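If you want the numbering used here, it's the position in the sequence shown, counting the first as 1, plus 699.
The beta-carbon is built from N, C-alpha and C at its ideal position, and this holds for glycine as well.
Since the structure is predicted, the reported quantities are computational estimates derived from the model, not experimental observations.
See structure below.
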Amino acid sequence: MRRGSTNTTAWLIAGIALYGATTYSSARASQDAPKTASTTWDAVFTEAQAKRGDALYSQYCAKCHAPDLTGADVAPALTGADFTANWNDLSLGDLFERMRIGMPADKPGSVSRQDNADILAFMLFTAGFPAGANGLPAQAEMLKDIKFVAQRK
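This is how it looks when you write it as structure tokens:
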């Protein structure tokens, strides 16, 4: 009788250990799995944000990049095939940091992070990307998870 009790206890302990190891490795795998990155086609800004960005673009950017974002003199276009090709497969964090650090050319770094996020939303809206329910964040780290994808797949 006692021998059966020992076997049952051993199997019970082994089962609990196996369950614990499986649960731990499953939880660990879900933590280590890469996040599914958003793209510019995932409605990553709001129309209201793009509208604010339109006014800010006129204030800070239009004198060099033209009111219609087509570029002027040495300032590149911020819409169209060349613009989307230049940024394709990079992150919105990369584009945001370029804007934040280097623009406007006459006063680099003078535009707030939130205003830059709104201007970026306007640029995306003008380029034909869809607006959604959530606004673009004003932190480059968060924008690095959003991939600029020129063509919808």
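Between Asp753 and Phe821, the beta carbon gap of about 5 Å places them in contact (Cβ cut-off 8 Å).
In the three-state DSSP reduction, Lys750 falls in the helix class (H, G or I). Cys763 and Ala774 have their C-alpha atoms spaced approximately 6 Å apart. Secondary structure note for Trp786: its alpha helix (DSSP H) is the uninterrupted segment 779 to 786. DSSP places Arg851 outside any alpha helix (DSSP H), giving it a letter other than H or E.
The stretch 796 to 810 makes no contact with the stretch 741 to 751; the number of CB pairs closer than 8 Å stays below 3.
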